[in-house]
Every structure is written in C-alpha cells, then in structure tokens.
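In what follows, a single structure is set out as structure tokens and then discussed.
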Amino acid sequence: MDGTNRSDRGAIPTWSSDFEVAGVADFDGDGKADILWRDQETGKNRMWLMDGTNRSDRGAIPTWNNDFEVAVVADFDGDSKADILWRDQETGKNRMWLMDGINRSDRGAIPTWNTDFEVVSTDI
65 MDGTNRSDRG AIPTWSSDFE VAGVADFDGD GKADILWRDQ ETGKNRMWLM
115 DGTNRSDRGA IPTWNNDFEV AVVADFDGDS KADILWRDQE TGKNRMWLMD
165 GINRSDRGAI PTWNTDFEVV STDI
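Here the numbering used here is used: the sequence shown runs in plain steps of one and ends on residue 188.
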C-alpha cells in the first residue's frame, strides 16, 4: 500500500493447508513484513522472509509445544527484528523467543500470568 492506494499486488507461493499464518512482522530487519507459519496440531513452525510478494528465504524454526500458541510477534529486544511471545492460555505460562531472521538467537521463560488475561501488543 501507498497510503490508501494499492501500489502493487501479486500472489505469494502456495503452502500446506496444515499451516496457518501465526504472525506477520519484520523478522530480518529489512523493513518488509515476513510470515510466521504454524501447524498447531504438530507444533511445527516455518518462517518465510519476504521481499514484497517474493519469498527471499525460508526455513524451519524449532518445533514448539502445541499447548503454546503465538500470542504476539513484536520487537521485544529493540534490535529492529520481530521476536515471538508464546503463551499457554490454560496455564498462563509464557515463553519468549528472540529472533534473528529464521534463527532463534535466545529464548527463555517469562513470568506466568493470570489465565483470565490475554496478551495484546502496542508501542507506547
């Protein structure tokens, strides 16, 4: 988009119907949106690094417990690359993956939080 005008359009490659889009954000820091795919049944994850409608790179990222879902993709560590916050809504457990493109650069648990709450993201 260019403001309210569509500047270009195109089809992106077809992908397995087992996978759903789990997040769209700039994972490699090139200023262009990339696509995180997840098969919630198996816990398998895939990343497509995009250049407009063209896939510039792709790869598997680690499989993760299917009790966890992608809660938010956002730049949590300030490196201009999106990271992944995982949440198990049943238990309130949370995990953070700091990403560098299709590579996980770091990971860890963050505090468990009340299951009555859901995660939202904003830049304040």
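Glycine included, every Cβ here is placed at the ideal spot set by N, Cα and C.
query                                                                           : result
Rounded straight-line distance, which links the Cα of R151 to that of R119      : 28 Å
Under 9 Å between C-beta atoms of T176 and N158                                 : yes
Boundaries (first-last residue) of the beta strand (DSSP E) holding A86         : E84 to A89
Between the CA atoms of G107 and V134 - distance to the nearest angstrom        : 11 Å
Residues near A86 in its chain [Cβ-Cβ closer than 7 Å; skip 5 each side]        : L100, W101, R102 and V134
Residue from D98, D170 and N109 whose Cα sits closest to the Cα of F140         : D170
7 Å Cβ shell around D164 - same chain, five flanking residues per side excluded : K145
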